[in-house]
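Novice: Take this structure first; my questions come after.
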Amino acid sequence: MSKDFESKVVLITGSGRGMGLVDALLMAEQGASIVIHDIDAELASNATDQVKAKGAEVFTIASDISDVADTQAKISQAEAHFGRIDVLVNNAGIGLGGKLEEVSEETFERTMDVHVKGSFFATQAVVPGMKARKSGAIVNISSIWGMTGHDSDSQYCGAKAALLGLTKAWAKEFAPWNIRVNAVAPGCVLTDMTIIKGQDYIDDRAKLIPMGRWAQPEEMCHAVVYLASEKASFITGQCISPNGGDTIVGI
588 MSKDFESKVV LITGSGRGMG LVDALLMAEQ GASIVIHDID AELASNATDQ
638 VKAKGAEVFT IASDISDVAD TQAKISQAEA HFGRIDVLVN NAGIGLGGKL
688 EEVSEETFER TMDVHVKGSF FATQAVVPGM KARKSGAIVN ISSIWGMTGH
738 DSDSQYCGAK AALLGLTKAW AKEFAPWNIR VNAVAPGCVL TDMTIIKGQD
788 YIDDRAKLIP MGRWAQPEEM CHAVVYLASE KASFITGQCI SPNGGDTIVG
838 I
């Protein structure tokens, strides 16, 4: 096993379960110290135990990512504990669903607060330290729907598209300090957020994917790990979309 993250400290928002937890486990295996974050304190605690079992040092944050003051204060505590945060993965997200006429103001605001506001201000919290060290990597978790749109969940599509815009802007803004900013836009991946939609939905959607199946979380997370590592040292402002051929663009 390579040790690409030895002596690195990695903060992953929304890492109590799903892809965020898999990111944490993969990078812990490669030598990282991990800052686990989740809105659910029990999930965060369970994830902490799993990451510690990989031999990694862990600092645990329980906060609502959209509560800027609380989350930034706890990120500062994590940075003080480890002395640095080298990598940020803006992974926290929710899927509330609904076509345009069905979406309430509350649902719209919650979606934007978690995906966009949460990612924006988590990044604001870690960038000063990265600038001081002239080194850092940020990976924003967007979605294939942020690239292509979809005929439902327009507020989710908009939030994920906003993360792509932030990725490009931050990549240009932070490049003078050797801080790289990239995005991963997952296609269909089997997580708790999708499994609850039922097997019929999963089977029907798989028929539309050229590779004929959904991805496992690890198949997304290897892209995150790569972009966060020094193996991607000259890559910034880019988006990788592991999607089984669901959309093919840019060639």
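Quick note, in our numbering, the sequence shown goes up one by one and the last residue is 838. The beta carbon of each residue, even a glycine, is placed where N, CA and C say it ideally should be.
Rounded C-beta distance between Val768 and Gly824? I'm assuming under 8 Å.
Specialist: Between Gly824 and Val768 the Cβ distance is about 7 Å, and since that is below 8 Å, they are a contact.
Novice: Residues in the same chain with beta-carbon distance under 7 Å from Val638, minus the five sequence neighbours each way, listed in chain order, please.
Specialist: So the list reads Ala611, Leu612, Ala615, Ile621, Ile623, Val645, once near-sequence residues are dropped.
Novice: Evaluate the contact criterion for the segment 753-765 versus the segment 721-738: three or more CB pairs, one atom per stretch, below 8 Å.
Specialist: Yes, the segment 753-765 is in contact with the segment 721-738.
Novice: In terms of DSSP beta bridges, what is Val597 paired with?
Specialist: Per DSSP, Ile621, Val674.
Novice: Please state if the CB of Arg604 and the CB of Ala634 are separated by a distance shorter than 8 Å.
Specialist: Yes, Cβ-Cβ distance for Ala634 and Arg604 is below 8 Å.
Novice: In the DSSP assignment, the beta strand (DSSP E) including Gly723 goes from what residue to what residue?
Specialist: 723-728 is the extent of the beta strand (DSSP E) around Gly723.
Novice: Please list the terminal residues of the continuous alpha helix (DSSP H) segment that includes Ile731.
Specialist: 731-735 is the span of the alpha helix (DSSP H), which, as asked, contains Ile731.
Novice: Exposed or buried, what is Pro840 when buried is set at 16 or more other beta-carbons lying within 10 Å of its beta-carbon?
Specialist: Since the displayed the chain opens at 588 and closes at 838, residue 840 lies outside it and no answer follows.
Novice: Can you find the residues in the same chain that come closer than 8 Å, C-beta to C-beta, to Leu751, ignoring five residues on each side of it along the sequence?
Specialist: Asn727, Ser729, Gly733, Met734, Ala770, Ala772, Cys826, listed in sequence order.
Novice: By the DSSP assignment, the beta strand (DSSP E) with Asn769 in it spans what residues?
Specialist: Start and end: 766-771.
Novice: If you measure between the beta carbons of Val598 and Leu675, is that distance less than 8 Å?
Specialist: According to the sequence as given, residue 598 is Leu; it is not Val. In this structure, Leu675 lies closer than 8 Å to Leu598 by Cβ.
Novice: Please go through the same chain and pick out, in chain order, the residues whose beta-carbon is closer than 6 Å to the beta-carbon of Trp757, but skip the five residues on each side of it.
Specialist: Excluding sequence neighbours, Trp757 sits near Val768.
Novice: Give every residue of the same chain whose Cβ lies closer than 7 Å to the Cβ of Gly799, excluding the five residues on either side of it in the sequence, and list them in chain order.
Specialist: These residues qualify, in order along the chain: Ala793.
Novice: In whole angstroms, what separates the C-alpha of Gln786 from that of Ile766?
Specialist: Near 41 Å, if we compare the C-alpha coordinates of Ile766 and Gln786.
Novice: Need the endpoints of the alpha helix (DSSP H) that Ala649 sits in, please.
Specialist: First-last for Ala649: 645-649, but that is the beta strand (DSSP E), not the alpha helix (DSSP H).
Novice: With burial defined as no fewer than 16 other Cβ atoms inside 10 Å of the residue's Cβ, what is the status of Lys747: buried or exposed?
Specialist: Classification for Lys747: buried.
Novice: How about Gly618 and Gly680: are their beta carbons less than 8 Å apart?
Specialist: No, they are not a contact pair.
Novice: Using a Cβ-Cβ cutoff of less than 7 Å, which residues in the same chain neighbour Ala721 once the five nearest sequence positions on both sides are dropped?
Specialist: The question names Ala, but residue 721 in the sequence shown is Lys. Closer than 7 Å at the Cβ level, and outside the excluded window around Lys721, lie Trp764, Asn765.
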